[in-house]
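*Asks:* One structure coming up, written as structure tokens, with questions to follow.
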Amino acid sequence: MSKLKNKVSVITGGNSGIGFGIAEAFRNEGAVGAITGRNQETIDQSVKQLGTDFIGIAGDVTRMEDLERIFKETFDKFGKIDTVVVNAGGAVEGSPMAAITDVTENNYDQYMDLNLKSSYFTVQKALPYLNDGASIILIGSSAAHRAAPGMAIYAAAKAAIISLAKGLSLDLLERKIRVNALSPGSIDTPVFGKIVPEEHVEQVKQIWTNLIPVGRMGLPSDIGKAAVFLASDDSTFIVGTEILSDGGMTNIS
Ligand code: NDP
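With the first letter of the sequence shown counted as 1, position 51 gets the number 105 in this note's numbering; the numbers rise by one all the way through.
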């Protein structure tokens, strides 16, 4: 299989969960490139699993200088960048999602910074290094379409990502750079251990599973396959839109 042969990709948050699933799917289709995250240990483990065509770059996506360095180092190593997967995000450690009465201004800013602001500036900092015709994939969430208690800020940030995909794809049309959102439903990743106490993780996963018509949680590889499609030349007529991969969850009330 070689849908992404020699395409150079940057996958933020590629050291865990969905990001790693995307990196594996890209590697399986012949891509090379960089995965990022903040945790050097999991970056090193993930690079080891991916093999020699991938490098790991540590950086915080909420810091402009780190974003600039991530794209410069990737370009210096590979000479071009064809695909960016803007995946890092989700839960802010030490800042659980909460009901409106418990949310501080700082909680709000942290969620918006990690999930929305960082997505916008990841694209901006990638631009000087991107090929014309590149594909940018913004990882959204089914949370943008289906409300869940205590998740209003996260859901609003992810909903805005769909608007970013529409707006940025117009802004970047001249360079034929495509921007699309890929929104996962409930995917089995380490995030659950970050948002609920360890002893409740399995119970929470079961609750989500019961909401999914296909009867299972998604896997990082499910999102990886959809990301391969959006990164590949099979999707060159798909511009500024959203693909939902959620096992049908947002179709039921
Ligand atoms: P994980 O917690 O497994 O992965 C989150 C990734 O983001 C990690 O690689 C983490 O790396 C990175 N990250 C977090 N904060 C920062 C930061 N400040 N700077 C750089 N990297 C950061 O979660 P998932 O794989 O589940 O989530 C990945 C994406 O998918 C997120 O955008 C999430 O919102 C979205 N999503 C997930 C769903 C799910 O059910 N799992 C559903 C819908 C959307 P490190 O810890 O090393 O910093």
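Where a beta carbon is used, it is the ideal one built from N, C-alpha and C, also for glycine.
With which residues is R232 paired in a DSSP beta bridge?
*Replies:* Answer is S189, bridged to R232.
*Asks:* With a threshold of 7 angstroms, establish whether the CB of V115 neighbours any heavy atom of the ligand NDP.
*Replies:* yes
*Asks:* What does a CB cutoff of less than 7 angstroms around V250 pick up in its chain, not counting 5 residues either side in sequence?
*Replies:* V258
*Asks:* Whose C-beta lies closer than 6 angstroms to the C-beta of A188 among residues of the same chain, with five residues either side of it excluded?
*Replies:* Beyond the five residues adjoining it in sequence on each side, A188 comes within less than 6 angstroms, by CB distance, of D136 and I231 in the same chain, given in chain order.
*Asks:* Kindly indicate the opening and closing residues of the beta strand (DSSP E) around L298.
*Replies:* E296 to S299
*Asks:* Mapping DSSP to helix, strand and coil, what is G27?
*Replies:* The displayed coordinates of the chain run from 55 to 307. Any statement about residue 27 would go beyond what the structure contains.
*Asks:* Once DSSP output is grouped into helix, strand and coil, what is the label at V282?
*Replies:* For V282, the secondary structure class from DSSP, reduced to helix, strand or coil, is helix.
*Asks:* Around the C-beta of D98, are 16 or more other C-beta atoms found within 10 angstroms, so that it is buried, or is it exposed?
*Replies:* Exposed, because fewer than 16 other Cβ atoms sit within 10 Å of the Cβ of D98.
*Asks:* With a threshold of 7 angstroms on Cβ separation, who are the neighbours of D131 within its own chain once the five nearest residues in sequence on each side are excluded?
*Replies:* At residue 131 the sequence reads Lys, which differs from the Asp that was named. These residues qualify, in order along the chain: I109.
*Asks:* Quick check: is any heavy atom of the ligand NDP less than 7 angstroms from the C-beta of S286?
*Replies:* no
*Asks:* Mind checking H254: buried by the 16 CB within 10 Å criterion, or exposed?
*Replies:* exposed
*Asks:* Apart from the five residues just before and just after G165, which ones in its own chain have a Cβ nearer than 7 angstroms to its Cβ?
*Replies:* First, the amino acid is wrong: residue 165 is Tyr here, not Gly. V146, I207, Y208 and A211.
*Asks:* What do you get for P274, buried or exposed, if any count of 16 or more other CB atoms within 10 angstroms of its CB means buried?
*Replies:* buried
*Asks:* Should the segment 63-74 be called in touch with the segment 236-251, which here means at least 3 C-beta pairs below 8 angstroms?
*Replies:* yes
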